[in-house]
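Q: Take -1 as the starting number for the sequence shown in this note's numbering and just add one per residue.
I'd like to ask some things about the structure below.
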Amino acid sequence: MKVADWKNVKVGTTLILADIHRGVFRVRVTEIDVEITVDHPTYHKARPYGLTKDRGIVQIMVGETVELGNLLELIKFTTSMFNTLTKNYLLYSSYLDTANEFKEAFRDLVNIEKAK
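Okay, here's the thing in structure tokens:
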């Protein structure tokens, strides 16, 4: 997401998280201007990540997990973009599975030949 759009992000905004290892997720912003509670030496709240409009850090809900996310790594949600990313990730994942099957077959063949 562009830096200029950070100021428009509100709680409840739907975004896309696309990660090469985990997949494509529709996420919801659950907190902007993320605060944490500091217990020691005195109980108080702090904003170590700064303001969302300045730093781009938000709290997001990925499935049932709450995570911190950077708006630079998230994509504005549109149904067509979500479907396109999901389709391409599934293709990538199936190619990766096929490549791993070939690798295992090669490894098995090498081990059989070494055992002879």
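Quick reminder that beta carbons are idealized off the backbone N, C-alpha and C, glycines included.
What are the residues that DSSP puts in a beta bridge with N68?
A: By one-based count along the sequence shown, residue 68 stands at place 70. Partner residues in the beta bridge of N68, as assigned by DSSP, are I55.
Q: Going by the beta-carbon positions, is the gap between A44 and I34 smaller than 9 Å?
A: As a working mapping, residue 44 is identified with position 46 in the sequence shown. As a working mapping, residue 34 is identified with position 36 in the sequence shown. Going by C-beta atoms, A44 is nearer than 9 Å to I34.
Q: Buried or exposed for I58, going by 16 or more other Cβ atoms inside 10 Å?
A: Start at 1 with the first residue of the sequence shown, and residue 58 comes out as number 60. Classification for I58: buried.
Q: Let me check understanding here. Comparing Cα to Cα, which of E111, H19, K5, E99 lies closest to T50?
A: To locate residue 50, count along the sequence shown from 1; it is residue 52. With distances taken between Cα atoms, T50 lies closest to K5.
Q: Could you compute how far the alpha carbon of S92 sits from the alpha carbon of T63?
A: To locate residue 92, count along the sequence shown from 1; it is residue 94. To locate residue 63, count along the sequence shown from 1; it is residue 65. Looking at the two C-alpha atoms, the distance is approximately 26 Å.
Q: Any idea if V1 is buried or exposed, counting beta-carbon neighbours within 10 angstroms, 16 or more meaning buried?
A: Translated into positions along the sequence shown, residue 1 becomes position 3. V1 should be labelled exposed.
Q: Would you identify the three-state DSSP class for I110, choosing helix, strand or coil?
A: Indexing the sequence shown from 1 puts residue 110 at position 112. Three-state DSSP puts I110 in a helix.
Q: Report the residue from R26, V22, D3 whose alpha carbon sits nearest the alpha carbon of T11.
A: For the purposes of this step, residue 11 is taken as the residue at position 13 of the sequence shown. The residue with the shortest Cα to Cα distance from T11 is R26.
Q: Pull up the distance between the alpha-carbon of L107 and that of N98, whole angstroms please.
A: Along the sequence shown, read from residue 1 onward, the residue named residue 107 stands at position 109. Along the sequence shown, read from residue 1 onward, the residue named residue 98 stands at position 100. Answer to the nearest angstrom: the Cα atoms are 14 Å apart.
Q: Taking the beta strand (DSSP E) that E62 belongs to, which residues open and close that run?
A: Within the sequence shown, numbered from 1, the residue matching residue 62 stands at position 64. Counting along the chain, E62 falls outside any beta strand (DSSP E), and DSSP gives it neither H nor E.
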